[in-house]
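Working notes for the structure below.
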Amino acid sequence: MTIPAHGRDKVTFIGEMTASLSHELQNVFAIIKERAGLLEDMLLLGSTPSEADVVNCLSAIDRHVNRGSALVSSLNRFAHGTDKPVQTIGVQASLAAFIAVSGRIFRGRGGTVEIADGDADACVTLDPVRFQMLIFDCLDLLFRVLPLPAVVSVQVDSHADGVRVQCLQSVAEPRPSGPDEAEMKLDETWLTLEAQAAELGGVLRRCQVPAGIELTFQQ
């Protein structure tokens with residue numbers, strides 16, 4: 011089972027994220043190989059494949075090549091978080107890459123993480139890897155207290171107090187079965203998350219409706 015990010019060092023965390031993404035890439039390659047093999051079989055059988063079959067195979071290959079390319083781009087951006095211990099990062103782009111890299115881990119737990127359209131110009135100066143570890147642990151806590159399956163939307167915006175990152179349960183209506191404040195704050199992870207946020211110059215608070223966690227960082 012994946013241990014919380016605060017329970018390991020940065021190298022271990024990065025290793026686990028990249029290992030997860032490698033499984034995603036293996037799935038992409040497997041689908042491309044399957045479709046290419048199907049097309050090859052149709053040609054080797056001596057019969058002329060229909061235009062629709064060829065188009066379907068090529069479309070699937072093209073779609074998954076694009077998906078694989080996007081995953082590699084996300085991994086590249088994620089990896090550059092180690093270039094310097096403190097960097098000025100674009101929060102929206104950094105979180106989009108992180109969610110692409112870590113998504114498989116949360117899907118394995120019955121959770122889905124989505125990145126909402128946000129403030130592309132919002133920037134903060136901090137340790138990028140520690141920032142991603144904090145976001146990971148916030149999402150980990152939410153998926154432990156929310157009824158599963160659950161979808162959490164990550165939203166970025168700027169306001170007078172700085173840059174705000176919200177991890178919110180995505181539901182059409184409030185769900186009474188969601189976690190209450192006591193349930194989240196009594197969780198031993200909560201105090202650790204507050205300490206992690208403080209180390210990065212951030213403030214952590216619980217959101218009520220929809221259920222979630224909000225982080226604010228000074229620009």
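With the working numbering applied, the sequence shown corresponds to residues 11 to 229, in that order. Where is the CB? At the ideal position from N, CA and C, for every residue including glycine. In this text, all values refer to a predicted model and were calculated from it rather than measured experimentally.
On the DSSP bridge assignment, give the partners of residue i in chain order.
i           : result
residue 122 : 161
residue 134 : 99
residue 169 : 172
residue 179 : 162
residue 222 : 178 and 217
residue 227 : 173 and 212
Rank the options by C-alpha distance to the C-alpha of residue i and give the top, closest one.
i           : options               : result
residue 165 : 198, 125, 93 and 75   : 125
residue 158 : 120, 24 and 32        : 120
residue 160 : 180, 144, 146 and 170 : 180
residue 85  : 97, 70 and 103        : 103
residue 242 : 32, 105 and 22        : There is simply no residue 242 to check, as the chain begins at 11 and stops at 229 in what is shown.
residue 172 : 112, 92, 135 and 218  : 135
residue 118 : 21, 41 and 150        : 150
residue 24  : 198, 107, 199 and 61  : 107
residue 218 : 79, 51 and 176        : 176
residue 77  : 204, 205 and 35       : 35
residue 93  : 57, 127 and 139       : 139
residue 91  : 209, 198, 200 and 27  : 27
residue 174 : 209, 129 and 204      : 129
residue 69  : 89, 55 and 41         : 41
For the putative contact between residue i and residue j, defined by C-beta atoms under 8 Å, what is the C-beta separation to the nearest angstrom?
i           : j           : result
residue 64  : residue 49  : 7 Å
residue 45  : residue 71  : 5 Å
residue 116 : residue 141 : Their Cβ separation, rounded to whole angstroms, is 17 Å, which puts residue 116 and residue 141 out of contact at 8 Å.
Among the residues of its own chain, which have a CB less than 8 Å from the CB of residue i, if the five just before and after it don't count?
i           : result
residue 183 : Legend: pLDDT at residue 183 = 49, less than 50; position of this residue unreliable, value from coordinates given subsequently. Closer than 8 Å at Cβ, skipping near neighbours: no residue.
residue 131 : 100 and 168
residue 170 : none
residue 33  : 114
residue 209 : 140
residue 54  : none
For residue i versus residue j, is the C-beta distance shorter than 8 Å?
i           : j           : result
residue 178 : residue 163 : yes
residue 221 : residue 213 : no
residue 30  : residue 83  : no
residue 74  : residue 21  : no
residue 110 : residue 144 : no
residue 98  : residue 133 : yes
Less than 7 Å between C-beta atoms, sequence neighbours within five positions excluded: which residues of the same chain meet that for residue i?
i           : result
residue 95  : 137
residue 211 : 136, 227 and 228
residue 61  : none
By Cβ distance below 6 Å, which residues in the same chain neighbour residue i in space, the five residues on each side in sequence not counted?
i           : result
residue 215 : 224
residue 122 : 161
residue 52  : 59
Is there a Cβ from chain D that is less than 8 Å from the Cβ of residue i?
i           : result
residue 218 : Annotation note: the requested chain D is absent from the structure, which comprises a single protein chain.
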